[in-house]
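Visitor:
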Amino acid sequence: MSASQSFWSPVVAGLKPYVPGEQPKIDRLVKLNTNENPYPASPRVVQAITAAAQQGLQLYPDPESTALREVIARHHGMAADQVFVGNGSDEVLAHAFFAFFQQHKPLLMPDISYSFYQVYCRLYGISAEQVPLDDNMVIRVEDYRRAQTVAGVVIANPNAPTGRALPLADVEQLLQGQPGQVVLVDEAYVDFGGESAIQLIDRYPNLLVVQTLSKSRSLAGLRVGFAAGARHLIDALERVKNSFNSYPLDRLAIAGAIAAYEDVDYFEQTRRAVMQSRESLAAQLTALGFEVLPSATNFLFTRHPRHDAALLAQRLRAQGILVRHFRLPRIEQYLRISIGTPAQCEALVAALRPLLAA
Ligand code: PMP
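When you number the sequence shown by the UniProt record's numbering, it's gap-free, plus one each residue, and the end is 358.
1) Whole angstroms are fine: how far does the CA of Y261 sit from the CA of T297?
2) If I'm right that I339 touches P38 with Cβ under 8 Å, what's the distance once you round it to whole angstroms?
3) Rounded C-beta distance between R353 and Q333? I'm assuming under 8 Å.
4) Return the residue from the list L311, G152, E268 that minimises the CA-CA distance to L356.
5) Select from V30, F7, Q23 the residue whose C-alpha is nearest the C-alpha of C345.
6) Do G125 and residue 396 count as a contact pair if the criterion is CB distance below 8 Å?
7) Just the Cα atoms here: how many angstroms apart are Q173 and V141?
8) Under three-state DSSP, which class holds I155?
9) Could you give the distance in angstroms between the alpha-carbon of S115 and the alpha-carbon of L57?
10) Going by C-alpha to C-alpha distance, which of S89, Y120, P24 sits closest to Q102?
11) Reducing DSSP to helix, strand and coil, say where R324 ends up.
12) Starting from the N-terminal side, write out each stretch of the alpha helix (DSSP H) that is 4 residues or longer and does not extend beyond the segment 150-222.
13) Where Y204 and E70 are concerned, what is the direct C-alpha to C-alpha distance, given to the nearest angstrom?
14) Does the beta carbon of N35 fall short of 7 Å from some heavy atom of the ligand PMP?
15) Alpha helix (DSSP H) containing G14: first to last residue?
16) Flag S196 as yes when its Cβ comes closer than 7 Å to any non-hydrogen atom of the ligand PMP, and as no otherwise.
17) I'd like to check one pair, E195 with P167: are the Cβ atoms closer than 8 Å?
18) Go ahead and pull the three-state DSSP assignment for Y334.
19) Hey, how far is the Cα of R315 from the Cα of A343?
20) Given Q276, which residues of its chain have a CB within under 7 Å of its CB, disregarding the five upstream and five downstream residues?
21) Can you tell me whether D265 sits near the ligand PMP, meaning its C-beta is under 7 Å from at least one heavy atom of the ligand?
22) How should Y18 be labelled, buried or exposed, when 16 other C-beta atoms within 10 angstroms of its C-beta is the threshold for buried?
23) Tell me which residues share the same chain as Y247 and place their Cβ nearer than 8 Å to its Cβ, disregarding the 5 neighbours each side in the sequence.
24) Got a list of residues with beta-carbon closer than 5 Å to any non-hydrogen atom of the ligand PMP, in chain order?
25) Looking at V185: is its Cβ nearer than 8 Å to the Cβ of I234?
26) If I measure Cβ to Cβ from R44 and keep anything under 6 Å in the same chain, skipping five residues before and after, which residues do I get?
27) For L200, which residues of its own chain have a beta-carbon under 6 Å away from its beta-carbon, when the five flanking residues on both sides are left out?
28) Determine which residues share a DSSP beta bridge with G260 and list them.
29) Give the straight-line distance between the Cα atoms of P24 and R324, rounded to the nearest whole angstrom.
30) Considering only DSSP beta bridges, list what V19 is partnered with.
31) In chain order, what residues of the same chain have a beta carbon less than 6 Å from the beta carbon of T341, not counting five sequence neighbours either side?
32) Is T50 helix, strand or coil when you go by DSSP?
33) To the nearest whole angstrom, what separates the beta carbons of residue 372 and L237, a pair I think is in contact under 8 Å?
34) Would you please state the rounded distance, in angstroms, between the beta carbons of L281 and A309? I believe it to be under 8 Å.
35) Where DSSP assigns a beta bridge to F299, which residues make up the other side?
36) Counting along the chain, where does the beta strand (DSSP E) carrying L108 start and finish?
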């Protein structure tokens, strides 16, 4: 321990914080490493943010973000008090872990899944029990039936970084297997081909669904996410939020997020463009000899049987193309490639060809 770390609490000294994907300062790069949307936010978002700024920023925003919660609720067919909003879904997830999973019992989660879940467990002293995916990298719901002995379950659906989605019937099995525990379904990528469990919140008092505007609504830079669930779950999240930061969403984020929801045509157009590029990139990678997992997201999880993933990522980087490589057991030979514009996907394929021939 260095001298300066002697001031740290044992919890902070023991943390292994999430390591975000590279956010380069040079904008000439083809950035396919952190699953952002390749298209900018709707022009209506920019107009709404400008108008909100012109109205003045000297006053605090609405601590309840009521206008945004109403818009989200209307869009998904629920009531505004079944919605909780936060500063990106990472913050919503953090509050949910604190609110529901600190119970001296293990929290079940897939191995492999979004690595931030483990970070929250360490932060809040929650023990994580990782349940391996099956041989096809699919979540096997039978392995989660452990009512009363666990604090709850968290899954990403579609999962990250595998990109694979579970049908809603399987999510229902998870919910029925843990009637007294919260099942958190993180749907960060659902708009690219998954089935949302939001339609189940009235039937399952233990279901909390978390979504983000970072991916399908091109707003990673604005930081808006939300949770949907029964009122008693939303109340718990409000209690945590109000003990932490009563104003997580600023006036610009609230205005921009509302405008993003209102521009339905733009959302549909960009979402479809990403899904089309995904299918075309998957076909091109397959033709180059890659094994590509089926994806219901805006990224592909892929490996090449004859080429080392770390080396490929490094060589692509040298040509200004960023993809994600995880140095984790079982997936160290995989690359996660975010779907770019058609031009970005072409640049990737053009860079890969000579690398694979070498
Ligand atoms: N969940 C999953 C599965 C993700 O991949 C991400 C993005 N890295 C998030 C949540 C967080 O997204 P945000 O905080 O931008 O809403």
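Glycine is no exception: its CB is placed at the ideal position from the N, C-alpha and C atoms. Because the structure is a prediction, the values reported are computed rather than measured.
Guide: Taking the definition as stated:
1) As a position in the sequence shown, residue 297 is number 297, starting the count at 1. As a position in the sequence shown, residue 261 is number 261, starting the count at 1. The straight-line gap from Cα to Cα measures roughly 19 Å.
2) Walking along the sequence shown from the start, residue 339 turns up at place 339. Walking along the sequence shown from the start, residue 38 turns up at place 38. Going by Cβ atoms, the distance from I339 to P38 rounds to 7 Å, so yes, they are a contact pair.
3) Counting from 1 along the sequence shown, the entry for residue 353 is found at position 353. Counting from 1 along the sequence shown, the entry for residue 333 is found at position 333. Not a contact, Cβ separation roughly 20 Å.
4) What you label residue 356 is simply residue 356 of the sequence shown in a count that begins at 1. When only C-alpha atoms are compared, the closest one is L311.
5) Looking up residue 345 in the sequence shown gives position 345. Each of V30, F7, Q23 was checked against the Cα of C345, and the nearest Cα belongs to V30.
6) Nothing about residue 396 can be read from this structure; the chain reaches only from 1 to 358.
7) In the sequence shown, the residue the question calls residue 173 occupies position 173. In the sequence shown, the residue the question calls residue 141 occupies position 141. Rounded to the nearest angstrom, the two C-alpha atoms are 7 Å apart.
8) As a position in the sequence shown, residue 155 is number 155, starting the count at 1. It is a strand residue.
9) Here residue 115 corresponds to residue number 115 of the sequence shown, with the count starting at 1. Here residue 57 corresponds to residue number 57 of the sequence shown, with the count starting at 1. Inter-residue distance for S115 and L57 is about 35 Å (C-alpha atoms, whole angstroms).
10) The residue you call residue 102 lines up with position 102 of the sequence shown. It is Y120.
11) If you number the sequence shown from 1, residue 324 lands on position 324. When secondary structure is reduced to three states using DSSP, R324 falls in the strand class.
12) Listed in chain order, they are 168-177.
13) As a working note, residue 204 is residue 204 in the sequence shown. As a working note, residue 70 is residue 70 in the sequence shown. Rounded to the nearest angstrom, the two C-alpha atoms are 21 Å apart.
14) As a first step, residue 35 is located in the sequence shown; it is residue number 35 there, counting from the start. Under cutoff, so the answer is yes.
15) On the sequence shown, residue 14 is found 14 positions in, with the first residue counted as 1. Note, G14: alpha helix (DSSP H), 10-14.
16) For the purposes of this step, residue 196 is taken as the residue at position 196 of the sequence shown. Incorrect: S196 has no Cβ contact closer than 7 Å to the ligand PMP.
17) Position 167 of the sequence shown, counted from the start, is the residue given in the question as residue 167. Position 195 of the sequence shown, counted from the start, is the residue given in the question as residue 195. Cβ atoms of P167 and E195: closer than 8 Å.
18) Residue 334 sits at position 334 when you count from the first residue of the sequence shown. DSSP places Y334 in strand when its eight states are reduced to three.
19) For the purposes of this step, residue 315 is taken as the residue at position 315 of the sequence shown. For the purposes of this step, residue 343 is taken as the residue at position 343 of the sequence shown. Cα to Cα, R315 sits roughly 19 Å from A343.
20) As a working note, residue 276 is residue 276 in the sequence shown. Counting only Cβ-Cβ distances below 7 Å, and skipping sequence neighbours, we find nothing.
21) Along the sequence shown, one-based indexing puts residue 265 at 265. Not so, every heavy atom of the ligand PMP lies at least 7 Å from the Cβ.
22) Sequence index remark: in the sequence shown, residue 18 carries index 18 (1-based). The residue is exposed, with fewer than 16 neighbouring Cβ atoms inside 10 Å.
23) Within the sequence shown, numbered from 1, the residue matching residue 247 stands at position 247. If the five residues before and after Y247 are omitted, its C-beta is found closer than 8 Å to the C-beta atoms of Y60, P61, P63, all from its own chain and listed in chain order.
24) Here the list is G88, S89, D90, Y114, A156, A160, D186, A188, T212, S214, G225.
25) Position 185 of the sequence shown, counting from 1, holds the residue named residue 185. Position 234 of the sequence shown, counting from 1, holds the residue named residue 234. Going by C-beta atoms, V185 is not nearer than 8 Å to I234.
26) Working through the sequence shown from its first residue, we reach residue 44 at position 44. Taken in chain order, the residues that qualify are A259, D263.
27) The count along the sequence shown starts at 1 and reaches residue 200 at position 200. Taken in chain order, the residues that qualify are L207.
28) As a position in the sequence shown, residue 260 is number 260, starting the count at 1. Gly is not the amino acid found at residue 260; the sequence shown has Ala there. Partner(s): none; A260 has no beta bridge.
29) To locate residue 24, count along the sequence shown from 1; it is residue 24. To locate residue 324, count along the sequence shown from 1; it is residue 324. The alpha-carbon separation between P24 and R324 amounts to approximately 13 Å.
30) Translated into positions along the sequence shown, residue 19 becomes position 19. Note: V19 is not bridge-paired with any residue in the DSSP secondary-structure output.
31) Sequence index remark: in the sequence shown, residue 341 carries index 341 (1-based). Same-chain partners within the cutoff: P38.
32) Working through the sequence shown from its first residue, we reach residue 50 at position 50. If DSSP states are grouped into helix, strand and coil, T50 belongs with the helices.
33) Shown here, the chain extends from 1 to 358; a query on residue 372 therefore has no answer.
34) Within the sequence shown, residue 281 is the residue found at index 281, counting from 1. Within the sequence shown, residue 309 is the residue found at index 309, counting from 1. A Cβ-Cβ distance of about 17 Å is found for the pair L281 and A309, leaving them out of contact under the 8 Å criterion.
35) Counting from 1 along the sequence shown, the entry for residue 299 is found at position 299. Bridge partners of F299: S338.
36) Your numbering for residue 108 matches position 108 in the sequence shown. Segment 107-111, the beta strand (DSSP E) holding L108.
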